[in-house]
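Take a look at the structure set out below.
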Amino acid sequence: MTEIKSIYSDADIPKVGLFDFVLPPELDSNHNTAFIDATTGIQLTYSQLRTNALKLAYGLRKFKAITRNDTVLVISPNSLVYPIIFLGTSATGAKVSVANPAYTHLELSHQIKDCKASFIFAHPDNINLTKQILKEIGWSDNKISDRLVTATDKGFNGHKSYTQLLTVQRQFGIPVAFTGEDVHDVALMCYSSGTTGLSKGVMTSHYNLVANITQLAWSRGYTIQKGDTLMSVLLE
Numbered sequence: 001m002t003e004i005k006s007i008y009s010d011a012d013i014p015k016v017g018l019f020d021f022v023l024p025p026e027l028d029s030n031h032n033t034a035f036i037d038a039t040t041g042i043q044l045t046y047s048q049l050r051t052n053a054l055k056l057a058y059g060l061r062k063f064k065a066i067t068r069n070d071t072v073l074v075i076s077p078n079s080l081v082y083p084i085i086f087l088g089t090s091a092t093g094a095k096v097s098v099a100n101p102a103y104t105h106l107e108l109s110h111q112i113k114d115c116k117a118s119f120i121f122a123h124p125d126n127i128n129l130t131k132q133i134l135k136e137i138g139w140s141d142n143k144i145s146d147r148l149v150t151a152t153d154k155g156f157n158g159h160k161s162y163t164q165l166l167t168v169q170r171q172f173g174i175p176v177a178f179t180g181e182d183v184h185d186v187a188l189m190c191y192s193s194g195t196t197g198l199s200k201g202v203m204t205s206h207y208n209l210v211a212n213i214t215q216l217a218w219s220r221g222y223t224i225q226k227g228d229t230l231m232s233v234l235l236e
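The sequence shown begins at 1 in full-length UniProt numbering and counts up one residue at a time.
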């Protein structure tokens, strides 16, 4: 059988965890802009992103005992806080599951139970519904208070902000390493609408995500230059 290959060389896909791939140590001194909030104009640099993600990772491990066996759920619209929470959680080794903030009671309840979330970051608009669901599935008031925090800079309705987990002891915020076969561990669980019935969790590994990012960077390398700004749009 004839083998047809691209005229370009193969992309090298590193076998590392998502955090180490996206935010390597050299970004500690990179003060270039990583994200811009289009509404407010507030910017987040690569250095700030890595610093805050590692602080959050340490806080989750130290004060909430989050490990690579846990699943952390994020229920929030797009914001500058989102990448900090996502990558900070990834640095703990835990799986991240993300939920649509427009979900109904039935849809959100299904995902919380199906992904077996043990800790939840939620936008204030989603706190009350999430709290109601957690009570229905048997979480105690103390557990809800301890393991449901806001995905914003301020607390809400008795629930603390994620910023309470941003410790000053950054030197302890060392990302969990994924090497060898560990790179095939689940990093992300998104839920698809499916064709029938309730949504299904799609388990995406660290290697899957690193490969996808590498492929995108490789293909876009011919059209996008360092310093360019890309606009990300979420459609509802």
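Note that CB positions come from ideal geometry on N, CA and C, so glycine has one too.
message: For the segment 196 to 203 against the segment 1 to 14, do three or more pairs of beta-carbon atoms, one drawn from each stretch, fall closer than 8 Å, so that the two count as touching?
response: Verdict: no, contact absent.
query: Can you tell me whether DSSP reads residue 159 as helix, strand or coil?
result: Three-state DSSP puts residue 159 in a strand.
field: Among 183, 177, 129 and 38, nearest to residue 24 - alpha-carbon criterion
entry: It is 177 whose Cα lies nearest to the Cα of residue 24.
task: Could you say which of 209, 79, 181 and 159 lies nearest to residue 190 if we only look at CA atoms?
output: For the set 209, 79, 181 and 159, the Cα lying nearest the Cα of residue 190 is the one of 209.
Cβ contact check for the segment 30 to 45 and the segment 74 to 81: 3 or more pairs under 8 Å: The segment 30 to 45 is in contact with the segment 74 to 81.
field: residue 230 versus residue 138 - alpha carbon distance
entry: A straight-line Cα-Cα distance of about 43 Å links residue 230 and residue 138.
query: Are there 16 or more other CB atoms within 10 angstroms of the CB of residue 162, so buried, or fewer, so exposed?
result: Classification for residue 162: buried.
Residue 131, enclosing alpha helix (DSSP H) - first and last residue: Looking at the DSSP string, the run of the alpha helix (DSSP H) that includes residue 131 is 124 to 136.
query: Between the C-alpha atoms of residue 17 and residue 152, what's the straight-line distance to the nearest angstrom?
result: So the two alpha carbons sit approximately 26 Å from each other.
query: Under 8 Å between C-beta atoms, does residue 177 make it to chain B?
result: Any reference to chain B falls outside this structure, which holds one protein chain only.
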